[in-house]
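*Asks:*
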Amino acid sequence: MAAELEFERPIHELEKKIAELKSFMDEKDIDLTDEIKRLEDKLSNLENSTYSEMKPWDRVQIARHAERPTTLDYINYLFTDFIELHGDRLFGDDEAIVGGVAFYKDLPITIIGHQRGKDTKENLRRNFGMPHPEGYRKALRLMKQAEKFNRPIICFIDTKGAYPGKAAEERGQSEAIARNLVEMAGLTVPVICVVIGEGGSGGALALGVGNYVHMLENSTYSVISPEGAAAILWKDASMAKKAAESMRITAPDLKELGIIDEIIEEVKGGAHKDPKHQAELIDQVLETSLNSLLSMSEEELINQRYEKYKKIGQFGFVNDSIVVK
Amino acid sequence: MIKGLFVKKKKYATIPTGKVKQDVPEGIMSKCPECKHIMVTKELRKNLLVCQGCQYHYPMSSQERIAALIDEGTFTEYDADMISGNPLEFPDYVEKLEGDRKKTKINEAVVTGAGQIDGRDVTLAVMDSRFRMGSMGSVVGEKITRAIEHAIDKETPFIIFTASGGARMQEGVLSLMQMAKTSVALKRLSDKGLLFISIMTHPTTGGVSASFASVGDYNFAEPKALIGFAGRRIIEQTIRQELPEDFQTAEFLLKHGQLDKVVHRSEMKKTLSTLVKMHTEGRV
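Keeping their order, the protein sequence lines are chains A and B. The UniProt record's numbering puts the first sequence at residues 1 to 325. The UniProt record's numbering puts the second sequence at residues 1 to 284.
1. With 8 Å as the C-beta to C-beta threshold (strictly closer), list the residues of the region 103-129 of chain B near chain A in chain order.
2. Leaving aside the five residues before and after A146 (chain A) along the sequence, list all residues of the same chain whose C-beta is less than 7 Å from its C-beta, in chain order.
3. Per DSSP, which residues does G99 (chain A) bridge with? Please list them.
4. What residues in the region 39-55 of chain A bring their beta carbon closer than 9 Å to a beta carbon of chain B?
5. In whole angstroms, give me the CA-to-CA distance for Y74 (chain A) and E262 (chain A).
6. Using 8 Å as the limit for Cβ to Cβ distance, is P164 (chain A) near chain B?
7. Could you say which of B:V140, B:I148 and B:S190 lies nearest to R168 (chain B) if we only look at CA atoms?
8. Compile a chain-ordered list of the residues in the region 162-194 of chain B whose CB is closer than 9 Å to at least one CB of chain A.
9. Go to R146 (chain B), then tell me how far its alpha helix (DSSP H) extends in each direction, as first and last residue.
10. Could you spell out the range, first to last residue, of the alpha helix (DSSP H) harbouring M25 (chain A)?
11. Please name the residue in A:H272, A:S219, A:I192 and A:E287 whose C-alpha comes closest to that of residue 340 (chain A).
12. If you reduce the DSSP assignment to three classes, tell me which class V126 (chain B) lands in.
13. Excluding five sequence neighbours on each side, which residues of the same chain lie with their C-beta closer than 8 Å to the C-beta of G99 (chain A)?
14. Roughly how many angstroms lie between the CA atoms of F128 (chain A) and A237 (chain A), to the nearest whole one?
15. What does G172 (chain A) reach in chain B if we use C-beta pairs closer than 8 Å?
16. Indicate whether at least one CB of chain A lies closer than 8 Å to the CB of residue 305 (chain B).
17. Within the region 114-153 of chain A, note down every full alpha helix (DSSP H) run reaching 4 residues or more, in order along the chain.
18. Put L216 (chain A) into one of helix, strand or coil per three-state DSSP.
19. What's the call for N211 (chain A), buried or exposed, on a 16-neighbour Cβ count within 10 Å?
20. With 7 Å as the limit, tell me which residues of the region 131-146 of chain B have their beta carbon closer than that to any beta carbon of chain A; keep them in chain order.
21. Can you tell me which of the three DSSP states S261 (chain B) falls into?
22. Which chain A residues sit within Cβ distance under 9 Å of M82 (chain B)?
23. Would the region 129-149 of chain B count as touching the region 100-118 of chain B if we require 3 or more Cβ pairs under 8 Å?
24. Can you find at least 3 beta carbon pairs, one from the region 217-230 of chain A and one from the region 16-27 of chain A, that sit closer than 8 Å?
25. What span of residues does the beta strand (DSSP E) with F158 (chain B) cover, start to end?
26. Compute the distance between the beta-carbons of I160 (chain B) and F75 (chain B), then report whether it is under 8 Å.
27. Three or more beta-carbon pairs under 8 Å between the region 54-65 of chain A and the region 88-103 of chain A, yes or no?
28. At which residues does the beta strand (DSSP E) containing A180 (chain B) begin and terminate?
29. Name the chain A residues that come within less than 7 Å of Q248 (chain B), Cβ to Cβ?
30. Where do the ends of the beta strand (DSSP E) carrying G316 (chain A) lie?
31. Does the beta-carbon distance from A185 (chain B) to Y78 (chain B) come in below 8 Å?
32. Can you tell me where the beta strand (DSSP E) with F82 (chain A) in it begins and where it stops?
33. Is the CB of F196 (chain B) under 8 Å away from at least one CB in chain A?
34. Is there a C-beta anywhere in chain A that falls below 8 Å from the one on residue 309 (chain B)?
35. When DSSP labels each residue in this structure, what does Q61 (chain A) get in the three-state scheme?
36. Against chain A, with Cβ distances strictly below 8 Å, would T238 (chain B) count as a contact?
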């Protein structure tokens, strides 16, 4: 069974109670149908209210869920004939980022995404989805390849952040991220980015300069992790829950701030409850987005990206009483 | 209370943080924080705030930087009156901004404008680490983007002096997105064949290091400047080993192929002037 999330506990308790009643009914041959029906209705109501009123911290828990579908899971559901391509041709192959070519329906495309592991062994191999510079340089190499062959690019964002390490600094973590931002701005092919889990700071943004940026309903996107923010603000990482609320990191927050284009609905309780159905929900948005971009010229694509980012931010002027957007 | 008897007395007096942070000398004489060399403040200023003893580069305010670089009387500032809102309704943010405005006499952590270096037009952005540690929020991103757009319109080189702790936490993900915003503008500048020079000064870290600071046609840094993506403490905690003393200094970056050159402050104007000349004269 999936690891229990704190806010889901009342649901799990009720489910347990119903299961107990059912087995009791079978054993003792007593008719408890009405009672069970009553509890099942109650469960359904409880699920609806719990999942429709999720707090930011609840979403953080879902975004980080060990069984949450990853880039490779979605590649498996959404695309055919995927061929993974490795290496940055400069230093090595960073398995915290995966990329390759595939068909989306009948269209050849390039897919790139952060890749975390689902167990400790895989997480060690993939460095918990936290890339080194060679990961970003591999991503850029594949983007340039896509551009040459006029293939749209789809990026899945799912990382706690770029890896903070000695080797990463020596090999130019900053430059690798910065280069991707600038080069993605100029790509002559459609770029669609989907935040599927955690969007952690510059390490996420390095795959995130697109014509459209969508977020799964329970994904997050932030300048610093809630724990990091809490440590700085209140010198106490255990205040992360409070920080998650004040930092505005959920999909609805980013939509309201005018940063993302669409919130992709999640299956009830989070993507991990039904990855296949979740892929279908992503598929619908992907298809619409792609169709609207495929008709645009190279110049229009670049200009659309320019305008999209140019308008993000909130500021005012000394003599204004109102802050303009 | 008896318990008080056992508390070890503090050895040192606590200095109010406001005083510690005041790194630009104010009195008649100034003592170098690195080598303790004492200089007449007037002389120190004449020496572009560089210690004659150990060549320590004192932090420079944006005003001092512009004065040291731009031909007298040629600087026109852009968007001087642009100010931050409080989009996340962050507690104390408005007060902190107000305090920094009073302290620095500037409205945000970057000053942008047009001016001349040895008679040639440039567009300039100078970050100021005295204002919220030079952190980048919406205003810093917008002012830099607008400056780049001015450079494109007027076909001038774009020069930036960075000094920043990174993205500004109080504006959350809006700050993060300024990295993308400035990058799309820099791409447009580059596609027009225009020159972009980035000079990283102490400190240039986080989201600023991981965006415009690192993608100049020429990447320079001042001696000993701290430059890096992740903080030293975070890296030490992650890898559980001590880092070399020169880790993330300008010299460290140069050694690892991340910089074109470390430029001493006394050579800065000449270096920039020569490059600007190379890229403007003889252009077809």
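From the three backbone atoms N, C-alpha and C, an ideal C-beta is built for every residue, glycine too.
*Replies:* The structure says:
1. N107
2. On the first sequence, residue 146 (chain A) is found 146 positions in, with the first residue counted as 1. Counting only Cβ-Cβ distances below 7 Å, and skipping sequence neighbours, we find T110, I153 and V189.
3. Here the question's residue 99 (chain A) lines up with position 99 in the first sequence. Note: G99 (chain A) sits in a beta bridge opposite A:I112.
4. none
5. On the first sequence, position 74 is the one that residue 74 (chain A) refers to. On the first sequence, position 262 is the one that residue 262 (chain A) refers to. Cα to Cα, the separation comes out at about 18 Å.
6. Walking along the first sequence from the start, residue 164 (chain A) turns up at place 164. It does: the Cβ of P164 (chain A) has a partner Cβ on chain B nearer than 8 Å.
7. Numbered from its first residue, the second sequence carries residue 168 (chain B) at position 168. Comparing Cα positions, the closest option is B:V140.
8. The region 162-194 of chain B vs chain A, Cβ under 9 Å: G166, A167, R168, M169, E171, G172, V173, L174, S175, L176, M177, Q178, M179, A180, K181, T182, S183, V184, A185, L186, K187, R188, S190 and D191.
9. Translated into the one-based positions of the second sequence, residue 146 (chain B) becomes position 146. Residues S138 to K154.
10. To locate residue 25 (chain A), count along the first sequence from 1; it is residue 25. Counting along the chain, the alpha helix (DSSP H) containing M25 (chain A) begins and ends at R9 to K28.
11. Any answer about residue 340 (chain A) is impossible in this case: the structure gives chain A only from 1 up to 325.
12. Counting from 1 along the second sequence, the entry for residue 126 (chain B) is found at position 126. DSSP places V126 (chain B) in strand when its eight states are reduced to three.
13. Here residue 99 (chain A) corresponds to residue number 99 of the first sequence, with the count starting at 1. These residues qualify, in order along the chain: E84, L85, T110, I111, I112, G113, K138, A139 and L142.
14. Residue 128 (chain A) sits at position 128 when you count from the first residue of the first sequence. Residue 237 (chain A) sits at position 237 when you count from the first residue of the first sequence. Between F128 (chain A) and A237 (chain A), the C-alpha separation is close to 20 Å.
15. Looking up residue 172 (chain A) in the first sequence gives position 172. Residues of chain B passing the Cβ test: S214, H256, G257 and Q258.
16. What is shown of chain B runs 1 to 284, which leaves residue 305 (chain B) out entirely.
17. 120-125 and 133-148
18. Locating residue 216 (chain A) in the first sequence gives position 216, where the first residue counts as 1. Strand at L216 (chain A).
19. Looking up residue 211 (chain A) in the first sequence gives position 211. So N211 (chain A) counts as buried.
20. The region 131-146 of chain B vs chain A, Cβ under 7 Å: S138, V139, G141, E142 and T145.
21. Here residue 261 (chain B) is taken as the residue at index 261 of the second sequence, counted from 1. The displayed chain sequence assigns Lys, not Ser, to residue 261 (chain B). In the structure shown, K261 (chain B) sits in a strand (DSSP, three-state: E or B).
22. Position 82 of the second sequence, counting from 1, holds the residue named residue 82 (chain B). At a C-beta separation below 9 Å, M82 (chain B) has these neighbours in chain A: F315, G316, F317 and V318.
23. yes
24. no
25. In the second sequence, residue 158 (chain B) corresponds to position 158, counting from 1. Element bounds for F158 (chain B): F158 to S164.
26. Walking along the second sequence from the start, residue 160 (chain B) turns up at place 160. Walking along the second sequence from the start, residue 75 (chain B) turns up at place 75. Taking C-beta atoms as the reference points, I160 (chain B) and F75 (chain B) fail to come closer than 8 Å.
27. no
28. For the purposes of this step, residue 180 (chain B) is identified with residue 180 of the second sequence, where counting begins at 1. Element bounds for A180 (chain B): not the beta strand (DSSP E) but the alpha helix (DSSP H), G172 to D191.
29. Against the second sequence, residue 248 (chain B) aligns to sequence position 248. In chain order: E169.
30. Residue mapping note: residue 316 (chain A) aligns to position 316 of the first sequence, counting from 1. Start and end: F315 to F317.
31. Here residue 185 (chain B) is taken as the residue at index 185 of the second sequence, counted from 1. Here residue 78 (chain B) is taken as the residue at index 78 of the second sequence, counted from 1. No. Outside cutoff.
32. Taking the first residue of the first sequence as 1, we reach residue 82 (chain A) at position 82. Residue range T80 to E84 is occupied by the beta strand (DSSP E) that includes F82 (chain A).
33. Within the second sequence, the letter at position 196 stands for residue 196 (chain B). No, because no Cβ of chain A sits closer than 8 Å to the Cβ of F196 (chain B).
34. Because chain B in this structure spans residues 1 to 284, residue 309 (chain B) falls outside the shown range and cannot be described.
35. Walking along the first sequence from the start, residue 61 (chain A) turns up at place 61. It is helical.
36. Working through the second sequence from its first residue, we reach residue 238 (chain B) at position 238. So, interface residue.
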